[in-house]
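Written out below as structure tokens is the structure these notes cover.
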Amino acid sequence: MKKIFLAIWAIGSLCACETIEEKVDYTYKEVPFTDVHFTDNFWLPRIETIRNVTVPFAFRKCEETHRIDNFAVAAGIKEGKFNSPYPFDDSDVYKIMEGASYLLAVKEDNGLDAYMDSLISLIGAAQEPDGYLYTTRTIGGSSIHPWAGKKRWENERDNSHELYNVGHMYEAAVAHYQATGKRDFLDIAIKSADLLCNTFGPEEGKLTVAPGHQEVEIGLVKLYRATGDRRYLDLSKFFLDARGKYDKYDRNSKDQFRSGAYWQDHKAVIDQDEAVGHAVRAAYMYSAMTDVAALRNEQTYRVAVDNLWDNVTGKKMYITGGIGSTRHGEAFGKNYELPNSTAYCETCASIANCMWNLRMFMLHGDAKYIDVLERSLYNAVLSGISLDGKEFFYPNVLSCDENGAERSEWFNCSCCPSNLSRFVPSIPGYVYATSDAGVYVNLYGANQAGITLGNGKRIDMSQKTSYPWEGNIELTVTPESKQEFSIMLRIPGWVDNRPVPSDLYTYMNADEKKIVIKINGEVQNAPIEKGYAVLARKWEPGDVIQLTLPMEVHKNKANDKVEADINHLSVERGPIVYCAEFADNNGAVLNYVLKSGDEFAVSPAPALFDGVNLLKGHVDRVVADKNYEVIKSVKDSLTLIPYYARSHRGNGEMTVWFPSDDNILKKQLVERGRITDKVIIGKKSSEDEHQMKGVSTNTGGPNTWRDASNGGWFSYTVAVNPDKQMELVLTYSSTDGGNREFEILVDNKKIAEQKLRAETFSAWIDKVYPIPFELTKGKKTVTVKVQALPGKIAGGVFGLRTQKQKD
5 MKKIFLAIWA IGSLCACETI EEKVDYTYKE VPFTDVHFTD NFWLPRIETI
55 RNVTVPFAFR KCEETHRIDN FAVAAGIKEG KFNSPYPFDD SDVYKIMEGA
105 SYLLAVKEDN GLDAYMDSLI SLIGAAQEPD GYLYTTRTIG GSSIHPWAGK
155 KRWENERDNS HELYNVGHMY EAAVAHYQAT GKRDFLDIAI KSADLLCNTF
205 GPEEGKLTVA PGHQEVEIGL VKLYRATGDR RYLDLSKFFL DARGKYDKYD
255 RNSKDQFRSG AYWQDHKAVI DQDEAVGHAV RAAYMYSAMT DVAALRNEQT
305 YRVAVDNLWD NVTGKKMYIT GGIGSTRHGE AFGKNYELPN STAYCETCAS
355 IANCMWNLRM FMLHGDAKYI DVLERSLYNA VLSGISLDGK EFFYPNVLSC
405 DENGAERSEW FNCSCCPSNL SRFVPSIPGY VYATSDAGVY VNLYGANQAG
455 ITLGNGKRID MSQKTSYPWE GNIELTVTPE SKQEFSIMLR IPGWVDNRPV
505 PSDLYTYMNA DEKKIVIKIN GEVQNAPIEK GYAVLARKWE PGDVIQLTLP
555 MEVHKNKAND KVEADINHLS VERGPIVYCA EFADNNGAVL NYVLKSGDEF
605 AVSPAPALFD GVNLLKGHVD RVVADKNYEV IKSVKDSLTL IPYYARSHRG
655 NGEMTVWFPS DDNILKKQLV ERGRITDKVI IGKKSSEDEH QMKGVSTNTG
705 GPNTWRDASN GGWFSYTVAV NPDKQMELVL TYSSTDGGNR EFEILVDNKK
755 IAEQKLRAET FSAWIDKVYP IPFELTKGKK TVTVKVQALP GKIAGGVFGL
805 RTQKQKD
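Note that my numbering has the sequence shown beginning at 5, numbered continuously upward.
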């Protein structure tokens, strides 16, 4: 019955709408995720983990954190107040509901179906009579969130997130309608969208605003697809076109918040050619722009998204496919600013990058967009969720010291867990696409699919493969009857020695092996068009395609303009970027050197991380004696694991990029030899060892930061050399600024005063404070105190050490 309903829905809307017309659409269309079913050991277990663990866990957290209660209070069903950290917390519920709908679409679950019905009933009851839906304002009173403003839409350009929330609601409602055929959630969405159509627009008396956090634009497009109501598509474009018109921004300011760049509101969207500002907002906006370019045949939009894509892939993307390099505004940095230890790479931004690149493929039909999508998917996205589906990364660094990095169960701002809940179940919809020419095979992984061609005829296709660990792929094609069409097999860029479709990263070692394609055992010499091997023929039921992709180990070099990666190399094999982690390498990895001639062998590890391929090789390791007087290079083994699989075995060093010159590490060890003592900030055992004390002091948790507010302070007792001139080194984040002003004292004697200011992108700043010799002479320890000035904040401090002054 479900398949019959979906077929009816695909032919025409069941909704009442104001204007229905023949739709202009993408030339290349994804095959719905409901028609693709993974059978592999890579994606199928992950989707089932989302079903059985992540979605129930995320719903439970929404209950525990009152996100769901907010709807009940707004509906008058419960007494209480708005009880969430942020006004956009409504959206977490919607995103998880979207993921749950995807799961319901492919597998019946009466319990989940009933729970969804109960949530939809709550949401409907919380909706105001005219369609407005925003729990913090409906609840009102003293608990209304300060970001909401005093009246509707007043702070939408900034931080109210009124439109952001309903955008996610529209996506969830459409997904639920497609999955179940039930209209109740969709009707709530239509009622809300009709309010927006009556409120915003170019007509006299209506409002013009550029949404502060883009998302409603995507939701309106999906609602347009579900209903055929052209007003929703037109309103999506109206919201996009509203950017660059706000006259209160200082367009010449270099501060992204003053210029509007943080919100991508600094220029009209068709004039934007550099990715700036909040990375998730940006990629959601670019996705919507790509939709509008296709659905309205807007050439200026097409040119703009092409230019923006060139900028991101050519100057602002990490080797993992992550985007957004700075924690200052969770934003893009300048061109080529891609620091590793402070990399932000928000999980939501990686998801948005995948969403955008799928749309760019559907616009252009070029495999290069799937290359970027695949890189982000296997590395940056999967990094964000633990293998058991219960813990998450918000930022995804590419390097960390002995402090390590830990996933968390939940966050006050929990956009990433809820986004993963909806995105991972949708991945089957990224595997295949169709056009009038035939079928595109975009991603590889064992699956079974039913595909409807442009002429309405249906074929079955199955894949057998151990991808991404192996490059042997077998596809069985079963049309209803013998018929002529083309099958386009994506040849990944990494096969052609092109890790990304730009000069941002290049391989040091060219792969000489070639792909092999066979049909029913006969080798084919297929033409390559836009990155696809085109197999055009009359296909018969049971035809078998065999594709062999060479899976060589590659060493990557970054463009010389990426300062953080100069004289460094990284390693990848197939679509997987590798890293070294402390647990496999004698507790430390930041002292290894990787040279272009170093070789690695593949080592399957079926019992590790749900079955992965490790890489093992012999490389140089720089070591020092106890007193750092003898520093030398020795040969040692190095084990690499997939980047996404890190941080499952405790805290410690990890890196993706390795120095290619021994001297880089030798200089670092000379500096390390000066260190007398070091506090691992936020780590309880280290702070206890150093007798941490404080008033009004806070920490970000293990291995992060410590500060003190409202004139408070914190202190540590640290070792010093009684006979040497000493220095104190405090580590700050370049993104901290504002009212952070404090004094630094050693044994209650002031040695410095510090005022922090925010920089334009993330970096660690080691600030050196000479300690007067009379304060340390003859002593083995001193107490370092960080004291906030009245009404100010002390720190945050991300690291504290004492060291001998250079001779």
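Ideal Cβ placement from N, Cα and C applies to all residues, glycine included. All values derive from a computational prediction rather than experimental measurement.
- Task: Just the C-alpha distance for Asp-245 and Asn-667, rounded to the nearest angstrom, thanks.
- Result: 53 Å
- Arg-234 to Leu-167, Cα distance in whole Å? 19 Å
- Sub-9 Å separation of Arg-300 and Val-28 beta-carbons: yes
- Task: Using a threshold of 9 Å, state whether the C-beta atoms of Val-786 and Leu-804 are closer than that.
- Result: no
- Please list, in chain order, all residues of the same chain as Gly-115 whose beta carbon is under 6 Å from its beta carbon, the five residues on each side excluded. none
- If you run the structure through DSSP and keep just helix, strand and coil, what is Lys-195? helix
- Using alpha carbons as the reference points, say which of Pro-726, Val-772, Ala-792 and Thr-735 lies closest to Thr-780. Pro-726
- Using alpha carbons as the reference points, say which of Gln-487, Tyr-373, Ser-690 and Val-597 lies closest to Trp-313. Tyr-373
- Query: Based on the DSSP output, what are the partners of Ser-637 in its beta bridges?
  - Reply: Val-626
- Which of helix, strand or coil DSSP assigns to Arg-494: strand
- Item | Neighbour-count burial assignment, Phe-92, 16 or more Cβ in a 10 Å radius | buried
- Message: Alpha carbons only, please: which of Asp-614, Ile-635, Asn-617 and Lys-630 is nearest the one belonging to Asp-624?
- Response: Ile-635
- I think Asp-681 touches Thr-806, with their Cβ atoms under 8 Å apart; what is that distance to the nearest whole Å? 5 Å
- Message: For Leu-793 and Ile-389, what's the separation of their Cα atoms in angstroms?
- Response: 40 Å
- Task: Quickly, what does DSSP pair Pro-206 with across the bridge? List them, please.
- Result: Paired residues: none, contrary to the question.
- Decide yes or no for the touch test of the segment 537 to 553 against the segment 480 to 490: beta carbon pairs closer than 8 Å, at least 3 of them. yes
- Under the three-state reduction of DSSP, which class applies to Asn-752: helix, strand or coil? coil
- Roughly how many angstroms lie between the CA atoms of Gly-393 and Asn-423, to the nearest whole one? 13 Å
- Item | Given Gln-268 as reference, the closest of Asp-405, Ala-335 and Leu-362 once Cα atoms are compared | Ala-335
- Starting from the C-beta of Lys-630, find all residues in its chain whose C-beta is less than 6 Å away, skip the five residues before and the five after it, and write them out in chain order. none
- Query: In three-state terms, what does DSSP make of Met-120?
  - Reply: helix
- Of the residues Lys-753, Ala-767, Lys-771 and Val-750, the one placed nearest Lys-759, counting alpha carbons only: Lys-771
- List the DSSP bridge partners of Leu-644. Ala-584 and Leu-619
- Item | Residue environment, Gln-695, which counts as buried when at least 16 other CB atoms sit within 10 Å | exposed
- Near Glu-26, what residues of its chain come up, given a Cβ to Cβ distance below 6 Å and the 5 sequence neighbours on each side ignored? Its pLDDT being 49, under 50, Glu-26 is placed unreliably by the model, and nothing is read from it.
- Item | Sheet register partners of Trp-360 (DSSP bridge) | Beta-bridge pairing links Trp-360 to no other residue.
- Query: Excluding the five sequence neighbours on either side, which residues of its own chain have a C-beta within less than 8 Å of the C-beta of Gly-145, listed in chain order?
  - Reply: Lys-85
- Task: Name the residue from Ala-79, Gly-656, Lys-796 and Asn-339 whose alpha carbon lies nearest to the alpha carbon of Val-566.
- Result: Asn-339
- Message: Is it the case that the segment 278 to 289 contacts the segment 309 to 328, given that we only count it when at least three CB pairs across the two stretches are under 8 Å?
- Response: yes
- Run of the alpha helix (DSSP H) containing Ala-179, from where it starts to where it stops: 166 to 184
- Quick one, are the C-beta atoms of Glu-68 and Met-366 less than 9 Å apart? no
- Helix, strand or coil for Glu-26, going by three-state DSSP, please let me know. Below a pLDDT of 50, predicted positions are generally treated as unreliable, and Glu-26, at 49, falls in that range; the measurement from the model is reported next regardless. The answer is coil: DSSP assigns Glu-26 none of H, G, I, E or B.
- Message: I need the DSSP call for Glu-675, collapsed to helix, strand or coil.
- Response: helix
- Alpha carbon to alpha carbon, how far is Asn-524 from Asn-400? Give it in angstroms, no decimals. 44 Å
- Message: Quick check on DSSP: helix, strand or coil for Cys-404?
- Response: strand
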